[in-house]
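Have a look at the structure below, then the notes.
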Amino acid sequence: MKSLFAFFSSSIGKKIVMSLTGLFLCTFLAEHVAGNFLLFMNDNGAMYDAYTEFMSHNIVIRTIEIVLAVSLVGHSISGVIVWLKNRRSRSENYKVYKLQENTPLASRITMITGSFIFLFLVVHLRTFFVPTRFGTEAVSPYTLVVQSFSNEWYSAFYIVALIFLSYHLRHGFQSAFQTLGLKNKKYSRLLDWLAVIFWLLIPLGFASMPIYFAFFYKAGPAALVLGVQ
Amino acid sequence: MNFTLKIWRQKNKNDKGRFASYEIRDVSPDASFLEMLDILNEGLAKKGEEPVAFDHDCREGICGSCGIVIDGRAHGPGRGIATCELRMRSFRDGATIVAEPWRAKPFPVIKDLVVDRTSFDRIMYAGGYISTKTGGVPDGNAIPIPKPVAEEAMDAAACIGCGACVAACPNSSAMLFVGAKVSQLALLPQGQVERKERALRMVEQMDAEGFGNCSNTFACEAECPKEISVAHIARLNREFIRAKVT
Ligand code: SF4
Ligand code: FES
């Protein structure tokens, strides 16, 4: 226990927590986007609803869900602790400081992008997770998606959040490997390519959903029943 | 060449400090930044004013004494050079140049542009050494070391301990310095005995001194006069994890 505490209080220890939890959250994103593509099945959400039904009752998934929640909290808390400590380490601010000449933008704004993603998650869970899991009346997740995304503002909020996510992962994904000591000349090219999946393809995949339902989707019978057009 | 200089003046540790403006004329474009400061100081001394204090020794980029943040860049504009290697031709004629000391809690300002870098020394005492019998000079190649490994260790050993990595880092992190020192010894057979303790103790001391946490922005690598690679930071992380789990 004592050594665990010492580990977390060390600078590298906190960052190892951040990278492991961050990578775990990345695997979740991959699963989430893949599952969500069922929205495009053109079956009025039959498969998508079946999939969410399965996910919310499977014991393995439910367990992973807890790990996921813990990871998210761990990632956020260690992120904030590290950020606060870093702000305190400079004695006085430079009069002229040209950090932008040396560093990529994504690496400088992880706290901003991270905070926005956190805010987004609160809204996202409130819209989809809470009513489907804890709601008193049964709702079809598919109709919920159609309903929510038919609001252009809500969709726009999603797209902005995904741009933030993209920037967050642009830095975060490769950063995790650096922190775990797994990045070196041999693998860094491979990692850069793997990173593209996370900072580009996954956010694009997610963004296709609000874009589709807000602008291209012609309301099927299910949505009509709910008065969405 | 003519310049307007805005230089940080601070009497001592407790003084609050402020910027002072100086005009300097007819500087040779081939003068180094430090030589330019020498000329300035000569003028100040003649007028009976206190010269600007700055650190220097070798003036050829090998000792790590010099270090000024010039126009918002540690060691000034350009890559792979220390302040003493920076030439005035890198600036526009008539430019205003801002010179500040390294700014980090573990590097308190002693006077003007001079900071106290003994926090680096204390990190070195914590583990940046090997314990060995020092007898006569050993035979060359008595311990065979593969060329790529020797090269990598030599690259790390190029660190001159100037502290530019800390000064440039938005988090005032010393990971590049500690990474270089840990790497250099972890790669070589002589460094194996204390390998585990070294990584743990140096990181512990680094944290105790109040350096920030690395957030992988890699500003350090861009400003390091010896172009130490952040791959050494990855190795430090690896060494730390290895020491923790084994
Ligand atoms: S790593 Fe580079 S910048 Fe940092 S102390 Fe060593 S030589 Fe200076
Ligand atoms: S004075 Fe020695 S490195 Fe600049």
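These protein sequences, in sequence, are chains V and Y. The first sequence begins at 0 in numbering that gives the first Met the number 0 and counts up by one. The second sequence begins at 0 in numbering that gives the first Met the number 0 and counts up by one. Glycine included, C-beta positions come from ideal geometry on N, C-alpha and C.
Residues of chain Y with CB under 9 Å from residue i, in chain order?
i	result
serine 10(V)	Ser172, Met174, Val202, Met205, Asp206, Phe210, Gly211, Asn212, Cys213
lysine 13(V)	Asn212
Interface residues of chain Y around residue i at Cβ under 7 Å?
i	result
asparagine 183(V)	Ala230, Ala233
glycine 180(V)	Ala233, Arg234, Asn236, Arg237, Ile240
lysine 84(V)	Gly211, Asn212
Figure out for me which residue from the options has the closest Cα to the Cα of residue i.
i	options	result
isoleucine 240(Y)	Leu181(V), Leu38(V), Asp48(V)	Leu181(V)
glycine 60(Y)	Arg86(Y), Glu48(Y), Ile38(Y), Glu49(Y)	Arg86(Y)
glutamate 203(Y)	Gly134(Y), Phe119(Y), Ile142(Y)	Phe119(Y)
asparagine 1(Y)	Gly66(Y), Lys46(Y), His74(Y), Ile96(Y)	Ile96(Y)
isoleucine 142(Y)	Cys164(Y), Gly160(Y), Phe106(Y), Pro188(Y)	Pro188(Y)
alanine 194(V)	Phe7(V), Thr26(V), Trp152(V)	Thr26(V)
glycine 209(Y)	Ala103(Y), Arg197(Y), Ile109(Y)	Ala103(Y)
valine 138(V)	Tyr47(V), Lys1(V), Gly12(V), Phe6(V)	Tyr47(V)
serine 158(V)	Ala206(V), Ile201(V), Pro140(V), Gly134(V)	The sequence shown places isoleucine at residue 158(V), rather than the serine named in the question. Per the Cα distances, Ala206(V).
glutamine 9(Y)	Tyr21(Y), Leu112(Y), Gly75(Y)	Leu112(Y)
isoleucine 94(Y)	Ser228(Y), Leu4(Y), Ala185(Y), Val244(Y)	Here residue 94(Y) turns out to be alanine, not isoleucine, going by the sequence shown. Considering only alpha carbons, the answer is Leu4(Y).
tyrosine 230(V)	Val177(Y), Ser172(Y), Asp70(Y)	Only positions 0 to 228 of chain V appear in the structure, and residue 230(V) is not among them; the question remains open.
tyrosine 21(Y)	Leu39(Y), Leu33(Y), Ala155(Y)	Leu39(Y)
proline 28(Y)	Pro107(Y), His231(Y), Phe90(Y), Gly126(Y)	Phe90(Y)
leucine 83(V)	Ala230(Y), Val229(Y), Ala218(Y), Ser214(Y)	Ser214(Y)
glutamate 48(Y)	Pro76(Y), Leu175(Y), Ala19(Y), Glu220(Y)	Ala19(Y)
glycine 248(Y)	Val108(Y), Val26(Y), Thr216(Y)	Given a span of 0 to 245 for chain Y in the structure shown, any question on residue 248(Y) remains unanswerable.
histidine 231(Y)	Gln177(V), Trp198(V), Gly204(V), Pro202(V)	Gln177(V)
serine 228(Y)	Asp115(Y), Met153(Y), Glu238(Y)	Met153(Y)
lysine 180(Y)	Gly162(Y), Ser171(Y), Lys243(Y), Trp101(Y)	Gly162(Y)
tyrosine 128(Y)	Val68(Y), Ile67(Y), Ser182(Y)	Ser182(Y)
alanine 157(Y)	Pro145(Y), Asn170(Y), Phe176(Y)	Phe176(Y)
glycine 126(Y)	Ala198(Y), Gly139(Y), Arg58(Y)	Ala198(Y)
Residue i versus chain Y: which residues are under 8 Å apart at the beta carbon?
i	result
threonine 109(V)	Ser214
serine 174(V)	Ser214, Asn215
Applying a beta-carbon distance threshold of less than 7 Å, which residues of chain V neighbour residue i?
i	result
alanine 221(Y)	Asn101
arginine 194(Y)	Residues of chain V passing the Cβ test: none, with the nearest at roughly 14 Å.
alanine 218(Y)	Leu98, Asn101, Thr102
Establish whether the CB of residue i and some CB of chain Y are separated by less than 8 Å.
i	result
isoleucine 196(V)	no
alanine 222(V)	For alanine 222(V), the pLDDT reaches just 48, beneath the cut-off of 50, and the residue's location in the model is therefore unreliable, although a value from the coordinates is still provided. No, alanine 222(V) does not count as interfacial toward chain Y.
glutamine 177(V)	yes
valine 72(V)	no
valine 81(V)	yes
isoleucine 65(V)	no
phenylalanine 7(V)	no
lysine 217(V)	no
serine 147(V)	no
serine 106(V)	yes
leucine 168(V)	no
So with Cβ pairs under 8 Å, would you call residue i a contact of chain V?
i	result
arginine 237(Y)	yes
phenylalanine 53(Y)	no
asparagine 13(Y)	no
phenylalanine 18(Y)	yes
lysine 243(Y)	yes
proline 147(Y)	no
alanine 163(Y)	no
proline 224(Y)	no
alanine 167(Y)	yes
proline 107(Y)	yes
Taking C-beta pairs closer than 8 Å, name the residues in chain V that residue i reaches, listed in chain order.
i	result
glutamate 99(Y)	Tyr93, Lys94, Val95
arginine 102(Y)	Arg89, Ser90, Glu91, Asn92, Tyr93
aspartate 70(Y)	Val95, Lys97
phenylalanine 90(Y)	Ordered by position in chain V, no residue passes the 8 Å Cβ test against phenylalanine 90(Y), which lies about 13 Å from the chain.
Taking 8 Å as the CB-CB limit, is residue i close to chain B?
i	result
arginine 8(Y)	The chain labelled as chain B is not found among the protein chains of the depicted structure, namely V and Y.
Complete alpha helix (DSSP H) runs within the region 6–78 of chain Y (minimum length 4 residues, chain order):
32–45
Return the chain-ordered ranges of every alpha helix (DSSP H) run that is complete within the region 173–219 of chain Y and spans a minimum of 4 residues.
DSSP assignment within the region 173–219 of chain Y yields the following whole alpha helix (DSSP H) runs of 4 residues or more, N-terminal first: 174–186, 194–208.
Those runs of the beta strand (DSSP E) which lie wholly inside the region 105–156 of chain Y and span at least 3 residues:
108–110
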